[in-house]
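J.:
In our numbering, the protein residues as written are -1 to 512.
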């Protein structure tokens, strides 16, 4: 215990010295990153979206030389669309086509925009965009395979889909080629021909946001440092402003135009804790270079969710988020923290566990120790591996850690990001299309909903037999859940399918693998 206390104080002293040096330096300018490209596919002229960003039409763009396919206009504008641009036009392909974007070596965000609606000027291919089945590759990585945007939209309850990837452009490369290719053969319900389509493409250069700090490998309670390869490709699965409202691309930090969704729809059960904002006399401060201003916008660190003020209640539950992901991949989880309310100003006032998939990722998580004081932003990274195929639930939970006898039995979180890593053996990020639930149930945990992505729901009248049917479905679900849980537990120590078995000297070495 004495050694642990000494380590805490030494960590705090080093953090304070680092922060003092950072405060003495000049601040970072909030500017739009140069070299950004936005292409409104199917459009013949430039237009501006709701966030004030200019999009070039691909019909006249140098990034789409000799563009093929059909330019199509959507016949219906869903009310949940954040802007008509780039969603109301699409480029539909019956054969493979490649866009080529000039880029410099380094990392870029590649965002693909899809609106699976009806398009009225496609003639015989009128249903192409709604029933398209296709793949997308970029920079040598398979991003999507047999992707069905319509099914995906129905499964998640959104009218539109945005897929964001972070790709590393290798040294010497001068362009990023993005290829859309219809799936090669027919499938039940799709006829004999497949199509590919896209509404918008966005390329945003970024610094390397992922390989530093070195994440800790958290599966099995073994928080060993796990370096990531510089050429790793990532897919953004979730980016959540925990305890706060959704943050639109216009209000993101660093000029990267990321979207931060409200976390409420992902809270497990009714134990959703309490949300709060920073005290008026607290200022959010970053700590570059370890926590640069572009790590997350101030709005993420200025709000939080905690377990609540009742210590006895907090000891009897976990504050839990359920996040559906593709099984069989590694995932990088980034936790954003900032103590923003008094009286939490000292070491060992609040200490808690971080659990990922029911495994301890971090014990004695004391935000003051990690950040250096109230109002100081910090984040921590953890790497987990999942087994199997199809979809699974990624569980993130917080619980008080009493081992150091903290003053308050509580936990806090400000933001959470989840990134999928590509499989090195197959150079793929592609996962299956999500299954469409029998019934989409929307629960707004604390009365809030992400304004950037509102769900469209169809309500139907239910007869008197609904109660009996619901009971039968519930029993069936519980039995299936129990069987599935046993299968996952049995496979918990198996490596993710398709991943290379790293050696001790290489990146992504997994000490659990045999």
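We treat Cβ as the ideally placed atom computed from N, Cα and C, and that holds for glycine.
None of the values given here were measured: they were computed from a predicted structure.
Can you give the Cα-Cα distance for residue 479 and residue 44, rounded to whole angstroms?
T.: Low confidence applies to residue 479: its pLDDT is 48, below 50, so where it sits in the model is not reliable enough to give any reading.
J.: Would you be able to state if there are at least three C-beta pairs under 8 angstroms between the segment 401 to 412 and the segment 340 to 355?
T.: With the cut-off at 8 angstroms, the segment 340 to 355 and the segment 401 to 412 touch.
J.: Near residue 112, which residues of its chain fall below 7 angstroms by C-beta distance, leaving aside the five closest residues on each side in sequence?
T.: Taken in chain order, the residues that qualify are 147, 158, 159, 196 and 197.
J.: Taking the DSSP output, what are the residues bridged to residue 89?
T.: DSSP output for residue 89 lists 69 and 196 as bridge partner(s).
J.: So, residue 165 versus residue 106, is the Cβ gap smaller than 9 angstroms?
T.: Yes, Cβ-Cβ distance for residue 165 and residue 106 is below 9 angstroms.
J.: Since residue 67 and residue 83 should fall inside the 8 angstroms C-beta cutoff, what is the C-beta to C-beta distance between them, to a whole number of angstroms?
T.: About 19 angstroms; that fails the 8 angstroms criterion.
J.: Excluding five sequence neighbours on each side, which residues of the same chain lie with their C-beta closer than 8 angstroms to the C-beta of residue 136?
T.: Cβ within range, chain order: 108, 163, 165, 174, 175, 176 and 177.
J.: In angstroms with no decimal places, state the Cα-to-Cα distance between residue 246 and residue 60.
T.: Taking the straight line from one Cα to the other gives about 29 angstroms.
J.: Kindly list the residues whose CB is nearer than 6 angstroms to the CB of residue 475, restricted to its own chain and excluding five residues on each side of it in sequence; keep chain order.
T.: The pLDDT assigned to residue 475 is 48, lower than 50, so where the model puts this residue is not dependable; a value taken from the coordinates is nonetheless given after this. Nothing listed; no residue qualifies.
J.: Could you say which of 373, 167 and 405 lies nearest to residue 339 if we only look at CA atoms?
T.: It is 373.
J.: Under three-state DSSP, which class holds residue 340?
T.: Three-state result, residue 340: coil.
J.: Just the Cα atoms here: how many angstroms apart are residue 333 and residue 414?
T.: Each residue's Cα considered, the two are about 5 angstroms apart.
J.: Per the contact definition of three or more C-beta pairs closer than 8 angstroms, is the segment 270 to 289 in contact with the segment 297 to 317?
T.: Counting Cβ pairs under 8 angstroms, three or more are found: they touch.
J.: Assuming contact is defined by CB atoms lying nearer than 9 angstroms, are residue 72 and residue 41 in contact in what I supplied?
T.: Contact: no.
J.: Which partner residues of residue 260 appear in the DSSP bridge assignment?
T.: Its beta-bridge partners are 239.
J.: Tell me residue 176's beta-bridge partners as DSSP assigns them.
T.: Its beta-bridge partners are 97 and 136.
J.: Under three-state DSSP, which class holds residue 291?
T.: Helix.
J.: Check whether the Cβ atoms of residue 269 and residue 318 sit closer than 9 angstroms, and answer yes or no.
T.: Yes.
J.: What residues are listed by DSSP as bridge partners for residue 162?
T.: DSSP output for residue 162 lists 109 as bridge partner(s).
J.: Classify residue 212 as helix, strand or coil using the three-state DSSP reduction.
T.: The answer is coil: DSSP assigns residue 212 none of H, G, I, E or B.
J.: So who's on the other strand from residue 421, going by DSSP bridges?
T.: 426.
J.: Cα separation between residue 131 and residue 362?
T.: When rounded, the distance between both Cα atoms is 47 angstroms.
J.: Could you say if the segment 311 to 327 and the segment 381 to 399 meet the contact criterion of at least three C-beta pairs nearer than 8 angstroms?
T.: Enough Cβ pairs lie closer than 8 angstroms, so yes.
J.: Leaving out five residues on either side along the sequence, give the residues of the same chain with a beta carbon under 7 angstroms from the beta carbon of residue 150.
T.: Closer than 7 angstroms at Cβ, skipping near neighbours: 159, 431 and 432.
J.: Let me know the secondary structure DSSP gives residue 305 once reduced to three states.
T.: If DSSP states are grouped into helix, strand and coil, residue 305 belongs with coil.
J.: Taking only three categories from DSSP, how would you classify residue 372?
T.: In the structure shown, residue 372 sits in coil (DSSP, three-state: anything other than H, G, I, E or B).
J.: Since residue 523 is in the beta strand (DSSP E), which residue starts that stretch and which ends it?
T.: Limits of the chain in this structure are -1 at one end and 512 at the other, which puts residue 523 out of reach.
J.: Hey, residue 366 and residue 342: beta-carbon distance below 9 angstroms or not?
T.: Against a cut-off of 9 angstroms, the Cβ pair of residue 342 and residue 366 comes out as a contact.
J.: Quick check on residue 38: does DSSP put it in helix, strand or coil?
T.: Looking at residue 38 - three-state DSSP - the assignment turns out to be strand.
J.: Go ahead and pull the three-state DSSP assignment for residue 249.
T.: Looking at residue 249 - three-state DSSP - the assignment turns out to be helix.
J.: Quick check: what's the CA-CA separation for residue 359 versus residue 329?
T.: Going from the Cα of residue 359 to the Cα of residue 329 covers about 13 angstroms.
J.: Taking DSSP as the reference, what is the three-state secondary structure of residue 62?
T.: If DSSP states are grouped into helix, strand and coil, residue 62 belongs with coil.
J.: Check whether the Cβ atoms of residue 580 and residue 167 sit closer than 9 angstroms, and answer yes or no.
T.: Outside the shown range of the chain (-1 to 512) lies residue 580, about which nothing can therefore be said.
J.: Helix, strand or coil, according to DSSP, for residue 398 in the structure here?
T.: In the structure shown, residue 398 sits in a strand (DSSP, three-state: E or B).
J.: With respect to the beta strand (DSSP E) encompassing residue 244, which residues constitute its N-terminal and C-terminal limits?
T.: First-last for residue 244: undefined, no H or E at that position.
J.: Could you give the C-beta distance for residue 259 and residue 238, rounded to a whole number, given that I count them as a contact under 8 angstroms?
T.: Going by Cβ atoms, the distance from residue 259 to residue 238 rounds to 6 angstroms, so yes, they are a contact pair.
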